[in-house]
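Peer 1:
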Amino acid sequence: MKKTRDSNMELLRIVAMLLIMVVHANFRALPKPDAVAIAAEPTSAFLQFLTEGFSIVGVNVFVMISGWYGIRPRLVRFTELLFQVVFFGVLCVAIEYAITGALPPRSIPTILLLDASAYWFVKVYIALYLFAPVLNAFVEHATKEQFERVLLCVFGFMFVFGWLSEATTWIGSGYSLPWFMCLYLLARYMRVHQPWFTQFRPTTDLGIYLTVVAFLAVAVFIMRHYNVGGVLYFYCCPVVVVGAMYLLLFFSKLTIRSQAINWVAISALSIYLTHSNSYLGQYYDEQIRQWFYGESRLAFIVYAALMIAGVFMASILLDKLRLLLWHPVEKFLETKQKK
């Protein structure tokens, strides 16, 4: 019997992926406003910083959801993840071929995740998936005090060498396995031990998240007058971590039961696999840039929102096709495992 999914956390999974889409439409497609841009259009620049503050927590939240429940590696589930990645890789190559009339360069390595530019998040998440049994063993056997000491040490190390000084390349501002492991352990700690800072009312959790958003927007707006401040948007920035924590805690305390939410959320990764594909991502970014520089700010917001919604729904529907193809494979693998 399959376990019923918690719709409140599945809704958070959807929200996290939407936030990732917004991040990419903001400071992946567009440059961070510098002192000149702020002087020319201060309101537009501040809205960009505010948008980034809301959305930069998306990746951390998506990883922390896995930590909240704990990854229990299974060969069938791991195979499904790889199948999903290959399915969308092939699909995106086919779309690119239909657009350009030529097979894109390095298409096979890209589909197989062997190209350096292909799906950094997926590759790090696969590594996290494989390391999960080790992390779970630590969680199960460590005392609360041992857990807390380890978290303080590893996060202290990450903040000093991956954020304040950027003295290590392998932390990569949070684009790395060590950082994902830290987020996983933090979420497990909050779920298992329920420390005092997780016991606030949901409205307080939401208030802390919104305070973090406001702080990031104001702080970066001020700092970018001197063309600094980008480090506040690193995934391993302490402020971003706090924002992700309390957005997760807010949703964890909601009571929602919805088959529709669960139906959408099970395909959430597909949204990343389409709009961040090595080939199709360029069209996503380029369209955002054209609207940003060619339309009024209101029109840009409306057009960008409609495109995000359209890509979101198309990705979900395409993943339902992928699931139809996957189910016979899943049954075959489960039958083989039982023998």
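Under the numbering used here, the first residue of the sequence shown is numbered 44, with each subsequent residue one higher.
Yeah, the Cβ is synthetic: ideal placement off N, Cα and C, and Gly gets one too.
Quick one: measure Cβ to Cβ for Ser160 and Ser321, integer angstroms, because I've assumed they're closer than 8 Å.
Peer 2: Indeed they touch by this definition, with Cβ atoms about 5 Å apart.
Peer 1: By Cβ distance, which residues of its chain are closer than 6 Å to Ala230, with the 5 residues on each side in sequence left out?
Peer 2: Here the set comprises Met107, Gly110, Trp111.
Peer 1: I'd like to know if Asp328 contacts chain C, where contact means its C-beta is closer than 8 Å to some C-beta of that chain.
Peer 2: Considering every chain present, this structure includes no chain C. It has just one protein chain.
Peer 1: Among residues of its own chain, excluding the 5 on either side of Ile57, which ones have a beta-carbon nearer than 8 Å to its beta-carbon?
Peer 2: Closer than 8 Å at the Cβ level, and outside the excluded window around Ile57, lie Ile304, Val307, Ala308, Ala311.
Peer 1: Can you round the beta-carbon distance between Val100 and Glu377 to whole angstroms, since I take them to be within the 8 Å contact cut?
Peer 2: Actually they are not in contact, since the Cβ atoms of Val100 and Glu377 sit about 36 Å apart, beyond 8 Å.
Peer 1: Between the alpha carbons of Lys75 and Lys374, how many angstroms are there, rounded?
Peer 2: Their Cα atoms are separated by approximately 48 Å.
Peer 1: DSSP three-state label for His236, please.
Peer 2: It is helical.
Peer 1: Measure the alpha-carbon distance for Ser219 versus Lys166 and round it to whole angstroms.
Peer 2: Rounded to the nearest angstrom, the two C-alpha atoms are 9 Å apart.
Peer 1: Using only alpha-carbon positions, find the residue among Arg48, Ala59, Leu54, Glu53 that is nearest to Ala287.
Peer 2: Among Arg48, Ala59, Leu54, Glu53, the Cα nearest to that of Ala287 belongs to Ala59.
Peer 1: If we ignore side chains and look at the alpha-carbon of each, how far apart do Glu95 and Val136 end up?
Peer 2: Looking at the two C-alpha atoms, the distance is approximately 30 Å.
Peer 1: List, from N- to C-terminal side, the alpha helix (DSSP H) runs of 4 residues or more that fit wholly inside the segment 44-132.
Peer 2: With a minimum length of 4 residues, the continuous alpha helix (DSSP H) runs that stay inside the segment 44-132 are 50-66, 78-83, 85-98, 101-112.
Peer 1: Rounded C-beta distance between Leu125 and Phe97? I'm assuming under 8 Å.
Peer 2: Between Phe97 and Leu125 the Cβ distance is about 32 Å, and since that is not below 8 Å, they are no contact.
Peer 1: Should Gln127 go down as buried or exposed, given a rule of 16 or more other Cβ atoms within 10 Å for buried?
Peer 2: So Gln127 ends up on the buried side.
Peer 1: Given a threshold of 16 other Cβ atoms within 10 Å of its Cβ, counted over all protein chains shown, does Val255 qualify as buried or as exposed?
Peer 2: Buried is the call here.
Peer 1: If I'm right that Met224 touches Leu178 with Cβ under 8 Å, what's the distance once you round it to whole angstroms?
Peer 2: Correct: roughly 6 Å between the Cβ atoms.
Peer 1: Going along the chain, which residues of its own chain have a beta-carbon closer than 6 Å to the beta-carbon of Gly337, five neighbours each way excluded?
Peer 2: Answer for Gly337: no residue qualifies.
Peer 1: Who are the Cβ neighbours of Ala170 in its own chain at under 7 Å, not counting the five residues just before and after it?
Peer 2: If we look at Ala170 and ignore the five residues flanking it on each side, its Cβ neighbours are Leu220.
Peer 1: Which same chain residues, not among the five before or five after Val50, have their C-beta less than 7 Å away from its C-beta?
Peer 2: Correcting the residue identity first, residue 50 is Ser in this sequence and not Val. Contacts found: Ile299, Arg300, Ser301, Ile304, Asn305.
Peer 1: For Thr212 and Phe293, what's the separation of their Cα atoms in angstroms?
Peer 2: Cα to Cα, Thr212 sits roughly 33 Å from Phe293.
Peer 1: In chain order, what residues of the same chain have a beta carbon less than 8 Å from the beta carbon of Val354, not counting five sequence neighbours either side?
Peer 2: Same-chain partners within the cutoff: Met64, Ile314, Thr317, His318, Tyr327.
Peer 1: Taking Phe368 as the reference, which of Ile214, Leu207, Phe131, Met356 has the closest Cα?
Peer 2: A small correction: the amino acid at residue 368 is Leu; Phe does not occupy that position in the sequence shown. Out of Ile214, Leu207, Phe131, Met356, Phe131 has the C-alpha closest to the C-alpha of Leu368.
Peer 1: Roughly how many angstroms lie between the CA atoms of Pro238 and Thr186, to the nearest whole one?
Peer 2: Roughly 13 Å between the two C-alpha positions.
Peer 1: Go through its chain and collect everything with a Cβ distance to Pro281's Cβ below 7 Å, but skip five positions before and after it.
Peer 2: Once the five neighbours on either side are set aside, the close Cβ partners of Pro281 are Phe202.
Peer 1: For Ile151, tell me which candidate among Asn270, Thr143, Leu134, Ile344 has the shortest Cα-Cα distance.
Peer 2: Checking every option, the nearest Cα to that of Ile151 belongs to Leu134.
Peer 1: What are the boundary residues of the alpha helix (DSSP H) that Arg192 is part of?
Peer 2: Element bounds for Arg192: 187-201.
Peer 1: Leaving out five residues on either side along the sequence, give the residues of the same chain with a beta carbon under 7 Å from the beta carbon of Met44.
Peer 2: Low local confidence applies: a pLDDT of 45 at Met44 is under 50, so the model's placement there is unreliable, with the coordinate-based value given in what follows. So no residue of the chain qualifies.
Peer 1: For Arg117, does the count of other Cβ atoms within 10 angstroms reach 16, so buried, or fall short, so exposed?
Peer 2: Under this definition Arg117 is an exposed residue.
Peer 1: Please name the residue, chosen from Ala68, Glu53, Pro245, Ala80, that lies closest to His268 on a Cα-to-Cα basis.
Peer 2: It is Ala80.
Peer 1: Going along the chain, which residues of its own chain have a beta-carbon closer than 6 Å to the beta-carbon of Val263, five neighbours each way excluded?
Peer 2: Cβ within range, chain order: Phe92, Gly272, Leu275.
Peer 1: Less than 6 Å between C-beta atoms, sequence neighbours within five positions excluded: which residues of the same chain meet that for Glu139?
Peer 2: Cβ neighbours of Glu139 beyond the five flanking positions: Pro147, Tyr322.
Peer 1: Closest to Thr247 by CA distance: which of Met52, Val129, Ser295 is it?
Peer 2: Of Met52, Val129, Ser295, the residue nearest in Cα terms is Ser295.
Peer 1: Which of the three DSSP states, helix, strand or coil, is assigned to Ile304?
Peer 2: Residue state, collapsed to three classes: helix.
Peer 1: By a C-beta neighbour count over all protein chains shown, 10 Å radius and 16 as the cutoff for buried, is His370 buried or exposed?
Peer 2: With fewer than 16 Cβ atoms within 10 Å of its Cβ, His370 is classed as exposed.
Peer 1: Starting from Ser160, follow the alpha helix (DSSP H) in both directions and report where the run begins and ends.
Peer 2: Segment: none, Ser160 is in no alpha helix (DSSP H) and carries neither H nor E.
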